[in-house]
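Protein chains in written order, with numbering that gives the first Met the number 0: chain G, 0 to 415; chain B, 0 to 415. For each residue, glycine too, the CB sits at the ideal point set by N, CA and C. Report on the structure given below.
Number of protein chains: 2
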Amino acid sequence: MSIEVSNKAIAGALAAKTLELLSTDIKNTILADMAAALIKAKDEILHANASDVTNGKNKGLSPALLDRLKLDEKRLKQMADGLIIVKDLPDPVGEELSRTTRPNGLLIRKVRVPFGLIGIIYESRPNVTADAAGLCLKSGNAVLLKGGSDAINSNKAIVKVLQEVLAVHKVPKEAVQLIETTDHKAVTDMLRLKQYIDLIIPRGGAGLIKEVVENSLIPVIETGIGNCHVYIHSEADPQKAVEITFNAKVQRPSVCNAAEKLLIDETHAYKVLPLILAKLKTAGVELRGDKASRLIDNDIKEATQDDWYTEYLALIMGVKVVKDHHEAILHINKYGSKHSEAIVTENEKVAKEFMERVDAASVLWNASTRFTDGGEFGFGAEIGISTQKLHARGPMGLPELTTYKYLVKGTGQIRQ
Amino acid sequence: MSIEVSNKAIAGALAAKTLELLSTDIKNTILADMAAALIKAKDEILHANASDVTNGKNKGLSPALLDRLKLDEKRLKQMADGLIIVKDLPDPVGEELSRTTRPNGLLIRKVRVPFGLIGIIYESRPNVTADAAGLCLKSGNAVLLKGGSDAINSNKAIVKVLQEVLAVHKVPKEAVQLIETTDHKAVTDMLRLKQYIDLIIPRGGAGLIKEVVENSLIPVIETGIGNCHVYIHSEADPQKAVEITFNAKVQRPSVCNAAEKLLIDETHAYKVLPLILAKLKTAGVELRGDKASRLIDNDIKEATQDDWYTEYLALIMGVKVVKDHHEAILHINKYGSKHSEAIVTENEKVAKEFMERVDAASVLWNASTRFTDGGEFGFGAEIGISTQKLHARGPMGLPELTTYKYLVKGTGQIRQ
Chain G
0 MSIEVSNKAI AGALAAKTLE LLSTDIKNTI LADMAAALIK AKDEILHANA
50 SDVTNGKNKG LSPALLDRLK LDEKRLKQMA DGLIIVKDLP DPVGEELSRT
100 TRPNGLLIRK VRVPFGLIGI IYESRPNVTA DAAGLCLKSG NAVLLKGGSD
150 AINSNKAIVK VLQEVLAVHK VPKEAVQLIE TTDHKAVTDM LRLKQYIDLI
200 IPRGGAGLIK EVVENSLIPV IETGIGNCHV YIHSEADPQK AVEITFNAKV
250 QRPSVCNAAE KLLIDETHAY KVLPLILAKL KTAGVELRGD KASRLIDNDI
300 KEATQDDWYT EYLALIMGVK VVKDHHEAIL HINKYGSKHS EAIVTENEKV
350 AKEFMERVDA ASVLWNASTR FTDGGEFGFG AEIGISTQKL HARGPMGLPE
400 LTTYKYLVKG TGQIRQ
Chain B
0 MSIEVSNKAI AGALAAKTLE LLSTDIKNTI LADMAAALIK AKDEILHANA
50 SDVTNGKNKG LSPALLDRLK LDEKRLKQMA DGLIIVKDLP DPVGEELSRT
100 TRPNGLLIRK VRVPFGLIGI IYESRPNVTA DAAGLCLKSG NAVLLKGGSD
150 AINSNKAIVK VLQEVLAVHK VPKEAVQLIE TTDHKAVTDM LRLKQYIDLI
200 IPRGGAGLIK EVVENSLIPV IETGIGNCHV YIHSEADPQK AVEITFNAKV
250 QRPSVCNAAE KLLIDETHAY KVLPLILAKL KTAGVELRGD KASRLIDNDI
300 KEATQDDWYT EYLALIMGVK VVKDHHEAIL HINKYGSKHS EAIVTENEKV
350 AKEFMERVDA ASVLWNASTR FTDGGEFGFG AEIGISTQKL HARGPMGLPE
400 LTTYKYLVKG TGQIRQ
C-alpha cells in the first residue's frame, strides 16, 4: 500500500467532515475565487502543461491524445468558466427529500447529504481535474484525484492553485487532493481504502473501467462506455434518418454518446440506406456491415462478431439490416452498452415500444444520441455519464454526487 | 462456473424482459394467488421444513439458528400475509420522476424502471424466500435466490409453489428462481455474471457481506450490519435514557438495529449510568466497558479494542464514558457501521449537531434505534437495510428496487 495514497485518503476523509458542513455561500465564494485563481496562474499552469506535452511527444503519444492533453488560454478560460457554472447551480446538500410523521409521533425526514470522500480516477484530459474538484466541492464532498500520468504536471499545477484558494478560506486543503505518484499501483491501492473513500468514479476507456470494477471494494459508478445505436424503422422519415445518423456518428466521434452502429429495417434499407451512407461517406466514415447491408453497398467491409460489441470512438460505423423493431431491440439489448439508443420513426406505437423495451440510460426518439449529456439535459454540468443502474443512470449532475440520511426526531419513543 | 447458476442467470435475465412490462393488476393478482397458494401448500412446505430442521439438529445448529429456520402454521401465514402487504403497496414502475422540455424542443422524461434481474444471497430464514420474491415481482424485477444450505428443502418447496402460480398466469417461471446447489461456490459464480444479473443484495452476517463485496463484479447493496450506539448527553432526561437504552438493546437483540454500545457524558454518568445499568441487568445483559465506566459499576468487564467494532447480536453491551458530544460523534464515526445512531438529550442544539455530524443511514433523537425499519418508517415492507451510501441508505422498500431511465422525445433534433 502506497503511503501517499493511504495518507491522502485518511486526510481526505477528515476534510470531508468539514466540507459537509460548509454553507452554500462559502462554497460559492471559493468556486468563484478558484476560477479567478486559475486565470491568474495561467503562466504556471500552461508552463507545466507544456512540459507534459513535450514528454508526451517524446513518449510517442498519438496526435489525438496530445490534443486532449494540451491546454491553452482558451481551454484554461473554459476550465475557469466551468467552475462559475457550478457555482451558479443550486446546492443539493440539505434538500429535504421527504418528511413523514408516523402514528407514534416520530418525525422522519430524508435529507440529502454528501457522500464524504469521492475518488475520481481519470485519464489524460487535465480539465477533468478542475471540473471534478468543483462539482465535488459544491456537493460538499472531498475529492481524491488520480489523473493520468501523462498530465501529471498540469494536474499538480491546477490542484496547487485550488488548494491555495481553500487555504485562504480556512478550509482544509485536503478537500481537494491529487495522487502525485504516477505508479499505476496507486489505483489498486485507492480501490482498497473502503474505510476512507465512500465512492469511486472512473472516467476513461473500457480498460480502466473494467480494472476499477474488478478490483474495487468501494462502491463504483461506471461511466462513459457508449456502444450506441441509431435504429432506422421502416416508417422513418428519410431526411431525419440521414441527419440524425450523420450527427450521431460524425459531429464528435471521440465521445461516449456518439453512435457506433446503424440498424435499419429491411423494408426501408434499399431506399434509405444509400442516402445515409452517401452522407456518412462525405465525412470519410469507414463502414463495416452484415451481409445484407453489403449487398446494398459494396463499399461496406465485412463486420466481425467483435465489431458489434465495439465502441470505436472514431469515424467507423457498423451497419446491420434487421427484420423489424423486435430484432433491433434484441440486438441492442445484447450488444449495446446501456448508454444511449435512438430510434427514428414516425410510428408512435413502435417508438413507445422501443423506448420501453430498450435497456439503456437514455432512449431517444427522433433525436441524436449526442443529446445524452449533462449540459444538454439542463443539469448545467456533469461528472460523467453512468452506464450502470445503481444510484445514477445517464448524465450525473450535482444531486447524483449526494446520498441521503434519515433524521428521526422523537420524544422518547420505544418500539413495542 | 456452475452450469446451474449460469443457466438460471441467463433464463432470469430473459424473464426480466417480461416482468418489466407486466401491468400492476396482473402483478397484484399473482401476489394474491401466491399468498393463497402458500397456505394451500402448507403440508408440503412444513414437511420440507421439518426435514431441514432434522438435518440442522443432526448438524448441531444452535437453538437460535434452529428457531430461525423453523416454520409453523403461524409463520407460514405471516409469509403469505407479507405478500398481501406488498400487493397493496403502490407500484413504483413507470413513475415519472421528472419532465423537462428543453429550449430545442426535446422532451426529457425520467421514469422509474425495474433493475432487471436481482440476485439475493441470504442465510437461514426461509421466509426471506417469499418476501424477496414478492418485493422483486411487485417492482418488476426477476429474482435469482441463493438461500442458505440449511433451508434448502424449505426454499425449494416455497419456490415451487410460487413458480406454479407464475405458470398459471403465463408469466415465465424463471421470474423467480432458486439456486438449488448447496455448494457455496455458487455464490462466487453468481457474483461474476455481470452480463445477466443487474444487482446483488446480500442479507446475512458480516462474513457473507464481506465475501460478496470483495468478490462481486456486479453492483452490490450492502445490508444489515449494525454496530449501533445510544449516546446519553449530559442534558438527557434520565427516564428517556433508561427506557431508550433498554429498548434498543433488549427488545430484540438479534437484529441489526439493536444497539450494541452505550456512550454517556461524564457529567451525567454517576447519576444516570447506574439507573440504565440496573435496568439492563434485569434482562441479564452482559456489560463490557472502559475504565471510567468500570469505576462506576464493577460488574462491567473490561472491553477490548475489538469490542468497540463488534456487532454482538446478543445480550451484550459495550459502555463508554465520553467527555461530551464531540467525543461521542468522533467515536461513533470511527467505530460505527453507519446504520442507526441515537442521541438522548433535551438540548435541541446538541441534537441537531449530532444529527448533522454523525455519518449513518439513520440518526435518531430521543427514540430507540429499533425504529430504523421499513415497517416502522411506513414503507410497508423492506428488502433489507442498506449501510452503504450508493443508491439507497437505510430501509429499502419497493422504490429502492428500481432504477430509472431517460426517455427523450424529439422531432429530428441534431446537436449543434
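{"Item": "Members of the stretch 205-226 of chain B near chain G, C-beta cut-off 7 Å", "Value": "Val212, Glu213, Leu216 and Pro218"}
{"Item": "CB of B:Arg414 within 7 Å of CB of G:Ser148, strictly", "Value": "no"}
{"Item": "Candidates G:His390, G:Asp87, G:Ile2 and G:Lys16: closest to G:Val142 by CA position", "Value": "G:Lys16"}
{"Item": "Stretch-stretch touch, CB-based, cutoff 8 Å, three pairs: the stretch 246-254 of chain B with the stretch 264-273 of chain B", "Value": "no"}
{"Item": "B:Val349 burial status per 10 Å Cβ neighbour count (16 or more: buried)", "Value": "buried"}
{"Item": "Residue-level contact to chain G via CB, B:Lys239, 7 Å cutoff", "Value": "yes"}
{"Item": "Segments assigned alpha helix (DSSP H), at least 4 residues, entirely inside the stretch 200-247 of chain B", "Value": "205-214"}
{"Item": "Whole-angstrom C-beta distance between G:Val320 and G:Glu449, which should lie under 8 Å", "Value": "In the structure displayed, chain G extends from 0 to 415; residue 449 of chain G sits before or after that span and is not available."}
{"Item": "Residues near G:Leu105 in its chain [Cβ-Cβ closer than 8 Å; skip 5 each side]", "Value": "Val407, Lys408, Gly409 and Gln412"}
{"Item": "Beta-carbon neighbours of B:Asp197, restricted to chain G and to distances below 7 Å", "Value": "Lys388"}
{"Item": "The alpha helix (DSSP H) enclosing G:Lys333, as first and last residue numbers", "Value": "His324 to Tyr334"}
{"Item": "Within-7 Å CB hit, G:Asn140 to chain B", "Value": "no"}
{"Item": "Whether G:Ile29 touches G:Val164 by CB criterion (7 Å)", "Value": "yes"}
{"Item": "DSSP bridge partner residues for B:Ala141 (one or two, in chain order)", "Value": "B:Leu116"}
{"Item": "Members of the stretch 273-292 of chain G that neighbour chain B once the beta carbon cut-off is set at 7 Å", "Value": "none"}
{"Item": "Selection of the stretch 390-408 of chain B by Cβ proximity to chain G, strictly under 7 Å", "Value": "His390, Arg392, Gly393, Thr402, Tyr403, Lys404, Tyr405, Leu406, Val407 and Lys408"}
{"Item": "For B:Arg98, the first and last residue of its enclosing beta strand (DSSP E)", "Value": "Glu95 to Thr100"}
{"Item": "7 Å Cβ cutoff, B:Ala366 in contact with chain G", "Value": "yes"}
{"Item": "First and last residue of the uninterrupted alpha helix (DSSP H) at B:Ile295", "Value": "Lys290 to Ile295"}
{"Item": "Sub-7 Å separation of G:Val318 and G:Leu286 beta-carbons", "Value": "yes"}
{"Item": "Beta carbon proximity, G:Val114 to chain B, threshold 7 Å", "Value": "Before going on, a small fix: residue 114 of chain G reads as Phe here, not Val. Chain B, which has a Cβ nearer than 7 Å to the Cβ of G:Phe114, makes this yes."}
{"Item": "DSSP-derived helix/strand/coil call for G:Asn418", "Value": "This structure gives no information on residue 418 of chain G, because the portion of chain G shown stretches from 0 to 415."}
{"Item": "Closest Cα partner of G:Ser138 within the set G:Thr23, G:Ser339 and G:Asn6", "Value": "G:Thr23"}
{"Item": "DSSP state of B:Ser50 mapped onto helix, strand, coil", "Value": "helix"}
{"Item": "Stretch pair the stretch 82-98 of chain B + the stretch 107-115 of chain B: three plus CB contacts closer than 8 Å", "Value": "yes"}
{"Item": "Cross-strand partners of B:Thr401 (DSSP beta bridge)", "Value": "B:Pro113"}
{"Item": "Beta carbon proximity, G:Leu363 to chain B, threshold 7 Å", "Value": "yes"}
{"Item": "Whole-angstrom distance between B:Asn57 and B:Asn152, CA atom to CA atom", "Value": "15 Å"}
{"Item": "Closer than 8 Å at the beta carbon, the chain G residues around B:Glu242", "Value": "Gly411 and Ile413"}
{"Item": "Span separating the alpha-carbon of B:Val211 from that of B:Leu389", "Value": "16 Å"}
{"Item": "Proximal residues of chain B, C-beta to C-beta of G:Met354 below 7 Å", "Value": "Leu406"}
{"Item": "Chain-ordered residues of the stretch 16-27 of chain G with a beta carbon less than 9 Å from chain B", "Value": "Lys16, Glu19 and Leu20"}
{"Item": "Distance between B:Ile25 and G:Gly203 (C-alpha atoms, nearest Å)", "Value": "43 Å"}
{"Item": "Minimum Cβ-Cβ distance from G:Thr99 to chain B less than 7 Å", "Value": "yes"}
{"Item": "Per-residue burial, B:Leu400 [other beta carbons within 10 Å of its own, 16 or more giving buried]", "Value": "buried"}
{"Item": "Alpha carbon of B:Lys172 to alpha carbon of G:Pro237, nearest angstrom", "Value": "42 Å"}
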